[in-house]
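Have a look at the structure below before the remarks.
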Amino acid sequence: MDFVQALDTSKLVLFGTGLSFVMSPFTAPTYNLPIYLFGTYAQENQESTNSLQTFTGLVAGSILWDIIYMSRHEQNGFIRFLTVILLILKIPTFLSFSVAVRQRGVQFGGLGAIRSGDFIWSMPGGFTSTGRDGYQNMDEEAGLPAHPAPAPAPVRHQAPPPALAAAQPPPPATVPYQAAP
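Counted the way the UniProt record's numbering counts, the sequence shown spans residues 1 to 181.
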């Protein structure tokens, strides 16, 4: 692991960007140049760890895509050689950027380091735990609302116009003690 920590991430990204640029006009994977250009941004941006994680994941995924690409496309011998060199370069690039992600204090491996209760969730206009009803942790049982909903107003039927009153039968009684009008 000391070998990986000794690698310079800026030189790896610069070499990958240059090699991808040289291969771009030929029959070569077109996604390598944008990935490595994003890597130059991610490597230089010291404040964000998300871009570094994204670049590391893209490099790891593009290793598989390179193998699929080379098996499905015919390439010139020299361009195939450069593609294999870039593929081999992606392995130490992935490892060194994984170490850089961990050095910045982020676990690379999904959400394994997050435990329940580590965050206070808030959103503008959303539910919070400071006095608003409706906020509930996933571990809590659902409770009754603090204020019961008001009863719906009774439905009032209007009498039909006199001409239609004779043509329509009276509405059925809904309760046994009510009589038809």
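We put the beta carbon where it would ideally sit given N, CA and C, even for glycine.
Note that the coordinates shown come from a computational prediction; the quantities given were computed from them, not determined experimentally.
- With contacts defined by Cβ atoms closer than 8 Å, L19 and I79 do not form a contacting pair.
- Nearest Cα to T56 within the set S24, R72 and T9: T9.
- Looking at the backbone, the Cα of E44 and that of Q75 are separated by about 33 Å.
- Taking the Cβ atoms as the reference, V59 lies roughly 7 Å from I35, within the contact range of under 8 Å.
- Distance from R104 to T49 at the Cβ level is roughly 5 Å; contact confirmed, criterion being Cβ atoms closer than 8 Å.
- Exclusion of the five residues before and after L52 leaves A42 and V101 as the residues of its chain whose Cβ lies within less than 6 Å of its Cβ.
- Only exposed fits S24, as fewer than 16 other CB atoms lie within 10 angstroms of its CB.
- Here S96 is near L7, since their CB atoms are less than 8 Å apart.
- Annotation for D66: the continuous alpha helix (DSSP H) segment containing it runs N50 to R72.
- Within the same chain, and ignoring the five residues on either side of L82 in sequence, the residues whose Cβ sits closer than 8 Å to its Cβ are L19, V22, M23 and A28.
- In this structure, L87 is the residue among T54, L87 and G77 with its C-alpha nearest to the C-alpha of I68.
- Looking only at Q46, F38 and L33, the smallest Cα-Cα distance to D66 is reached by L33.
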